[in-house]
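Single-structure report; data block below.
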Amino acid sequence: MMLYPKWYDPFSDRLCSLEEVLSIAEAQSRSWREDHHGWRAQNIRLWKRKTFRSFFGQYGRIDFSNAPKDMREVSNIPPVLSWAGKTEHSQQNIIRVEDGFLRSRGLGANLVPPLSLISDDLGIYYDPTRPSRLEMLIMQHKDLRDDQRQRVLNVIDRVIRGAVTKYNLSGNCPNLPEGHRILVPGQVEDDASILKGTDRIRTNIALLKEVRRRHPKSIIIYKPHPDVEAGLRKGDISQKDQNALADVIANQANPAALLSMVQEIHTMTSNLGFEALLRGVEVTTYGAPYYAGWGLTTDLGSVPTRRKGPITLESLAYAALIAYPRYFDPVTEQACPIEVALARLEKGDIPHPRQMNRLLAKLQGAIATPNPFWR
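Quick note on numbering: the working numbering labels position 337 of the sequence shown as 337, and the sequence is numbered without any gaps.
And the structure:
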């Protein structure tokens, strides 16, 4: 199996190792196992429907038109895919879908399609009020096999060397003063992770005030959320308040570059906290993000007691980056492993949205809705 045959990677058009072929086969067999029965879907915006067909419709039909609006009174039917943020807490028989942690090269609010999606049959990772499949996977992978540990170490190394983050936005970093530097990432204040995962501190200005109170002599760098900077979401802080509470305002700065220049990050629930852990940066949380409560962070918010740490960073990363999400290659239009998604992000080998992307995406979604043959 290892020495006699030659193995081929169709994503990069080269010979490869057996281990690489196995990761490809694993991704594609998962796609078949989960999708060949077909899906019904609800709460999926028009512009996302073509992406849903790509991710979940390779082996079976996706029906966007016949999913009941209220699943509580329905039984003995296959589960329904539903966008997590649009799904009521009480709904049953639902697979909640959300963006993965290595999403794209560009903002979802700008309708850039994702490279990864999460489907969760228990809850969703950003909602600590109920268990999620991610929590189960973290606990299941508390003791990694040698091959799993080596694989995730390779993934972490590529994430760091390639300066890969969730959105992979470019941008220059400001000059930072010398001293103990703390990065405070802004968030979208009406985002579900804030509404579900925080209690006392729930706004960007409250977070900045608390960090300044706790660390009066540190250099505080505030990075506004890119969706807020773009004027697409809620969470803006006045320039006067920013200047009064932070030493540096890192507008449109590259988050990977910032993480290499700071000693700590303080956040409510931002995924930047997870990206900081991967890079060895100390993380303090004021909410209950999915990476809190496992013994890897300093937690000042209310974290579920069901999270049984301590675990290793490798176990957290394996669950969050390999076991939990599904990845899709926009070049070959096939299910793929994380290594292929990383290669696309590293090289920028991703089809870029064209002008009038919003109108075109909605038109494609409208066509996809009634037509079972649309792919």
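In this text, a Cβ means the ideal position worked out from N, Cα and C, and glycines have one as well.
Nearest-angstrom Cβ-Cβ length linking residue i and residue j, presumed shorter than 8 Å
i	j	result
residue 164	residue 102	6 Å
residue 205	residue 241	6 Å
residue 255	residue 269	With a Cβ gap of about 15 Å, residue 255 and residue 269 do not count as contacting.
residue 138	residue 276	That pair is no contact at about 18 Å.
residue 192	residue 85	5 Å
residue 281	residue 297	Contact doesn't hold; Cβ gap of about 11 Å is too wide.
residue 326	residue 317	Actually they do not touch by this definition, with Cβ atoms about 17 Å apart.
residue 223	residue 177	That pair is no contact at about 16 Å.
residue 194	residue 202	6 Å
residue 294	residue 273	About 12 Å; that fails the 8 Å criterion.
residue 226	residue 169	6 Å
residue 97	residue 111	About 16 Å; that fails the 8 Å criterion.
Buried versus exposed, by CB contacts within 10 Å (16 or more), residue i
i	result
residue 99	buried
residue 370	Confidence at residue 370 is low in this model, with a pLDDT of 45, below 50, so its placement is unreliable and the value that follows should be read with caution. Burial call: exposed.
residue 4	exposed
residue 6	exposed
residue 17	exposed
residue 372	With a pLDDT of 42 at residue 372, under the threshold of 50, the predicted position of this residue should be treated as unreliable, and no value is reported.
residue 172	exposed
residue 25	exposed
residue 167	buried
residue 175	exposed
residue 375	Confidence in residue 375 is poor, its pLDDT being 30 and thus under 50, which makes the residue's placement unreliable; the coordinate value appears in the next sentence. Exposed.
residue 365	With a pLDDT of only 49 at residue 365, under 50, the local geometry of the prediction cannot be trusted, and no value is derived from it.
residue 13	exposed
residue 332	exposed
residue 304	exposed
Sheet register partners of residue i (DSSP bridge)
i	result
residue 9	14
residue 285	267 and 299
residue 311	For residue 311, which the question treats as bridged, DSSP gives no partner whatsoever.
residue 222	184 and 249
residue 378	Missing from the structure shown is residue 378; the chain here goes from 1 to 375 and no further.
residue 81	41 and 95
residue 150	None; residue 150 has no bridge partner.
residue 329	334
Sequence-distant residues of its chain with Cβ nearer than 7 Å to residue i (five each side left out)
i	result
residue 132	120, 122, 123, 124 and 125
residue 328	54, 55, 115, 335 and 336
residue 350	105, 330 and 344
residue 315	138, 141, 142 and 144
residue 156	278 and 317
residue 299	285, 292 and 293
Contacts around residue i, its chain only, beta-carbon distance under 8 Å, and the 5 residues preceding and following it disregarded
i	result
residue 182	211, 215, 218, 219, 220, 221, 262, 263, 264, 265 and 266
residue 342	102, 155, 158, 159, 162 and 164
residue 196	126, 127, 128 and 129
residue 15	6, 7, 8 and 9
residue 259	183, 265, 272, 275, 276, 279 and 281
Other residues of its chain near residue i: CB distance less than 6 Å, five sequence neighbours each side excluded
i	result
residue 162	346
residue 190	234
residue 198	268 and 287
residue 311	142 and 294
residue 340	11 and 329
residue 236	228
### Query
Per the contact definition of three or more C-beta pairs closer than 8 Å, is the segment 243–252 in contact with the segment 206–226?
yes
### Message
Within 8 Å, do at least three Cβ pairs link the segment 87–96 to the segment 148–162?
### Response
Flag = no, the segment 148–162 and the segment 87–96 do not touch.
### Task
Could you say if the segment 51–66 and the segment 24–37 meet the contact criterion of at least three C-beta pairs nearer than 8 Å?
The segment 51–66 vs the segment 24–37: in contact.
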